[in-house]
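Be aware that the sequence shown starts at 27, since it is given in my numbering, and climbs by one per residue.
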Amino acid sequence: MVWQDVIPRVNIAFKITNWCNLCCAHCMERSSIKEPFNLMPIAQIEKYIAQYVNMGVPVWDYVVFTGGESMAPYYIGQGKYIRTLAELCAKNNVSPCFKTNAMWGKRLLLCDSVLKDLADVAHKYDRQVLLDISIDEYHDNFLPAANVVSQIMNSQYLIDAIPVSFVGLNTVASQCKFQEFLDVLKSYGISVDAQTTPADEFMITKGDKANVMFYDVGGLTRLGRAADNNIVTARPASGVEHSGGSDCLEITNNNQAILNYKYKTTMDNKTVGEAYNELLQKKR
Ligand code: SF4
């Protein structure tokens with residue numbers, strides 16, 4: 027048995043910007059195009075990743091980048107920022123995971139550029155770069171997301187480099203949306219076969235190319251616009267959603283550390299380990 031399956035691990039996520047090109051009703055960050063673009067400084071992320079992988083406690087083998095929209099830098103010609111983050115992870119022996127609404131998938135040249143950048147890093151360091159796309163009842167991103175999957179399925183170079191996963195909400199409406207999304211993929215000539223019951227792992231094929239796709243669901247967190255809009259499916263933040271007791275430590279671009287969407291502290295001059303231990307005390 028692999029130790030990661032039984033020992034709770036700490037997962038780190040960097041909220042690199044609060045800017046987003048969407049303005050979803052359920053956004054726990056109140057992200058939108060009106061939010062400041064400021065990107066978390068690369069030197070800071072580099073320092074925190076090095077501290078994270080050396081914390082001396084079990085940590086996930088990938089680092090999450092989210093926002094806002096994690097691919098925001100590409101919209102202002104700063105794709106190098108994302109490539110650098112991916113390289114920082116690879117050099118520290120963890121994989122980067124970019125959470126995205128995938129709206130960049132509707133611009134074919136931009137889509138090509140993002141996927142090529144990520145794949146180049148993956149191949150250079152022999153470490154996959156993960157894409158995690160939100161598909162739920164509040165997003166309207168079927169076509170861009172399907173374009174991204176289709177582009178990947180056109181190229182063995184991309185298939186080898188970029189596993190795609192989808193994250194949704196545990197509501198009936200959201201899971202119906204995901205089924206509709208699978209139909210969109212089929213209309214792109216992509217065959218989708220569930221490998222598990224319930225269906226959260228799929229074999230996808232296009233022509234002679236095959237790939238594996240994952241689907242994960244979670245609850246809404248009653249923060250930000252989800253609270254403003256009193257989204258009925260929201261659940262109070264509790265941290266209990268994290269399987270196996272694993273903790274989710276988020277670091278924001280205004281230098282706050284947040285544990286399990288609930289306990290907060292400022293980073294000031296703390297290391298990641300110091301902030302995590304401080305927040306663990308609050309959790310207890
Ligand atoms: S939920 Fe995601 S895609 Fe929607 S506004 Fe918030 S960050 Fe953007």
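Just so it is clear, CB atoms sit at the ideal spot from N, CA and C, and this is done for glycine as well. Quantities reported herein were computed from a predicted structural model and do not represent experimental measurements.
> So, A112 versus V79, is the Cβ gap smaller than 9 Å?
Replying inline: Going by beta carbons, A112 and V79 fall outside the 9 Å limit.
Query - Distance CB(V89)-CB(I38) smaller than 9 Å - result: It is a contact, given that the beta carbons lie within the stated cut-off.
What are the partner residues of W45, as DSSP defines its beta bridges? Paired residues: S58.
Does any heavy atom of ligand 1 sit closer than 8 Å to the C-beta of L48?
-> Yes.
State the beta-bridge partners of F91 as determined by DSSP.
-> Answer by DSSP bridge pairing, in chain order: F40, F124.
Could you give the C-beta distance for H51 and R251, rounded to a whole number, given that I count them as a contact under 8 Å?
-> A small correction: the amino acid at residue 51 is Ala; His does not occupy that position in the sequence shown. That pair is a contact at about 6 Å.
M66 beta carbon near ligand 1 (any heavy atom closer than 8 Å): Closer than 8 Å to some heavy atom of ligand 1: that does not describe the Cβ of M66.
Indicate the three-state DSSP secondary structure (helix, strand or coil) for F63 in the structure shown. If DSSP states are grouped into helix, strand and coil, F63 belongs with coil.
**Asked** Mind checking T92: buried by the 16 CB within 10 Å criterion, or exposed?
**Response** The residue is buried, with at least 16 neighbouring Cβ atoms inside 10 Å.
Nearest-angstrom Cα separation, counted from N279 out to D146 = If I take the Cα positions, the gap works out to 27 Å.
Checklist line | Reference N180, options K290, D138, R35, M54, closest by Cα | finding: Distance from the Cα of N180 is smallest, within the candidate group K290, D138, R35, M54, for D138.
Pull up the DSSP beta-bridge partners for L275, would you.
In the DSSP output, where bridge partners are listed per residue, L275 has I38, L285.
At a cut-off of 8 Å, would you count N295 as near ligand 3, judging by its Cβ distance to the nearest heavy atom? This structure lacks ligand 3; the ligands present are ligand 1.
Note to self: Would you say the beta carbon of H52 is closer than 8 Å to some non-hydrogen atom of ligand 1?
What the structure shows: Yes, Cβ of H52 sits closer than 8 Å to a heavy atom of ligand 1.
request  = Using three-state DSSP, classify M27 as helix, strand or coil.
outcome  = With a pLDDT of only 38 at M27, under the threshold of 50, the placement of this residue in the model should not be trusted; the figure read from the coordinates follows. The answer is coil: DSSP assigns M27 none of H, G, I, E or B.
Original post:
I think G194 touches D162, with their Cβ atoms under 8 Å apart; what is that distance to the nearest whole Å?
Top reply: Their Cβ separation, rounded to whole angstroms, is 5 Å, which keeps G194 and D162 in contact under 8 Å.
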